[in-house]
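S.K.:
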Amino acid sequence: MVGAIADFIENNNRIAIALDVDQVLADPFGLIVKELNRKYGKSYSFEDLKDYPSPGRYFLGATNEEFVEIYDRLWIENWREIPKLASADLLARLSKAFKVDIVSGRGEKAAPPLRKWLELNYPEMRNNVVVIEKFKDKSVLPYNVFIDDAPRLADTIEAIEGKLLLLVDAPYNRHVKETSKVIRFPDADSACKALMDRAARA
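The opening position of the sequence shown corresponds to residue 813 in this note's numbering, with each subsequent residue numbered one higher.
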């Protein structure tokens, strides 16, 4: 499947990359799982997250409303504690080879703690942050490569010419099948390295 990246880069003069935040650059879900375990006396792990959090779905027994409340509070009150998942140096080098934006679908009202977190963890990317309307379909944005964990992106990317999804592995997206347009990676670093390796050979 990595050969599909080479073909894609060779066939596109300008590569614009949309890099997701939650579970790609940042790990809020890990802290949310700990909070739910503390609250309910459970012993869940990240691997137990078989469903992507979305309206109408349960998140380890919690309602979507409860998940959103914990998620928002975590980002507002404890943003400094949210671990980062990707190499800042690698991301900085990727942004020199391609146009790279950090794209978050949380809405502008919820964006201030995210910007503080990015300033702390990825300062070289502080001017490359794009915040879109909550639940907006990212595939319609003017990027042709998406590094993301959201399973819902796979179907829309498949249907649009000239788009590629580098899917960061998570238990809630393992039902998504790999194709020439949807390529799975264990983490954001490995996806970025695949792009950098191909750019170096171009």
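The beta-carbon is built from N, C-alpha and C at its ideal position, and this holds for glycine as well.
Leaving aside the five residues before and after residue 992 along the sequence, list all residues of the same chain whose C-beta is less than 6 Å from its C-beta, in chain order.
M.R.: For the purposes of this step, residue 992 is identified with residue 180 of the sequence shown, where counting begins at 1. Closer than 6 Å at Cβ, skipping near neighbours: 816.
S.K.: From 963, 913, 837, pick the residue whose C-alpha is nearest to that of residue 987; which is it?
M.R.: Locating residue 987 in the sequence shown gives position 175, where the first residue counts as 1. Nearest C-alpha to residue 987: 963.
S.K.: What are the boundary residues of the alpha helix (DSSP H) that includes residue 888?
M.R.: Here residue 888 refers to the residue found at position 76 when the sequence shown is read from its first residue. Run containing residue 888: 876-889, per the alpha helix (DSSP H) assignment.
S.K.: Give the C-beta separation of residue 1008 and residue 905 to the nearest angstrom, bearing in mind that I take them to be a contact with Cβ-Cβ under 8 Å.
M.R.: By one-based count along the sequence shown, residue 1008 stands at place 196. By one-based count along the sequence shown, residue 905 stands at place 93. Sure, about 6 Å apart at Cβ, within 8 Å.
S.K.: Can you give me the C-alpha to C-alpha distance between residue 864 and residue 871, rounded to a whole angstrom?
M.R.: For the purposes of this step, residue 864 is taken as the residue at position 52 of the sequence shown. For the purposes of this step, residue 871 is taken as the residue at position 59 of the sequence shown. So the two alpha carbons sit approximately 8 Å from each other.
S.K.: With a Cβ-Cβ cutoff of 9 Å, do residue 911 and residue 826 count as a contact?
M.R.: On the sequence shown, position 99 is the one that residue 911 refers to. On the sequence shown, position 14 is the one that residue 826 refers to. Going by C-beta atoms, residue 911 is nearer than 9 Å to residue 826.
S.K.: What do you get for residue 932, buried or exposed, if any count of 16 or more other CB atoms within 10 angstroms of its CB means buried?
M.R.: On the sequence shown, residue 932 is found 120 positions in, with the first residue counted as 1. Looking at its Cβ environment, which holds fewer than 16 other Cβ atoms inside 10 Å, residue 932 is exposed.
S.K.: Counting C-beta neighbours from all protein chains within 10 Å, is the total for residue 852 16 or more, i.e. buried, or is it exposed?
M.R.: As a position in the sequence shown, residue 852 is number 40, starting the count at 1. So residue 852 ends up on the exposed side.
S.K.: Can you check which of these residues, 828, 967, 896, 1010, is closest to residue 913 by C-alpha distance?
M.R.: Mapped onto the sequence shown, residue 913 falls at position 101. Ranking 828, 967, 896, 1010 by Cα distance to residue 913 puts 828 first.
S.K.: Hey, quick one: how far does the alpha helix (DSSP H) through residue 911 stretch, first residue to last?
M.R.: Walking along the sequence shown from the start, residue 911 turns up at place 99. Per DSSP, residue 911 belongs to no alpha helix (DSSP H); it is in the beta strand (DSSP E), 911-916.
S.K.: Can you check whether the CB of residue 862 is closer than 9 Å to the CB of residue 983?
M.R.: The count along the sequence shown starts at 1 and reaches residue 983 at position 171. The count along the sequence shown starts at 1 and reaches residue 862 at position 50. Against a cut-off of 9 Å, the Cβ pair of residue 862 and residue 983 comes out as a contact.
S.K.: Ordered along the chain, which non-local residues of its own chain (more than five positions away) have a Cβ less than 6 Å from that of residue 854?
M.R.: Counting from one through the sequence shown, the residue named residue 854 turns up at place 42. Within the same chain, residue 854 has no close Cβ partners at all.
S.K.: Identify the continuous beta strand (DSSP E) that holds residue 830 and give its terminal residues.
M.R.: Locating residue 830 in the sequence shown gives position 18, counting from the first residue. Looking at the DSSP string, the run of the beta strand (DSSP E) that includes residue 830 is 828-831.
S.K.: Sorted by chain position, which residues of the same chain lie with C-beta nearer than 8 Å to residue 873's C-beta, five sequence neighbours on each side aside?
M.R.: Mapped onto the sequence shown, residue 873 falls at position 61. Cβ neighbours of residue 873 beyond the five flanking positions: 848, 852, 854.
S.K.: Beta carbon of residue 876, beta carbon of residue 843: below 9 Å?
M.R.: For the purposes of this step, residue 876 is taken as residue 64 along the sequence shown, with counting starting at 1. For the purposes of this step, residue 843 is taken as residue 31 along the sequence shown, with counting starting at 1. Contact flag unset, no.
S.K.: Would residue 1000 and residue 898 be called neighbours here (beta carbons separated by less than 9 Å)?
M.R.: Within the sequence shown, numbered from 1, the residue matching residue 1000 stands at position 188. Within the sequence shown, numbered from 1, the residue matching residue 898 stands at position 86. Yes. Within cutoff.
S.K.: State the Cα-Cα distance for the pair residue 976 and residue 888, rounded to the nearest angstrom.
M.R.: Residue mapping note: residue 976 aligns to position 164 of the sequence shown, counting from 1. Residue mapping note: residue 888 aligns to position 76 of the sequence shown, counting from 1. Using only the alpha carbons, I get a separation of about 32 Å.
S.K.: Rounded to whole angstroms, how far is the Cβ of residue 918 from the Cβ of residue 926, which I believe are closer than 8 Å?
M.R.: If you number the sequence shown from 1, residue 918 lands on position 106. If you number the sequence shown from 1, residue 926 lands on position 114. Right, the Cβ-Cβ distance comes to about 7 Å (below 8 Å), so this counts as a contact.
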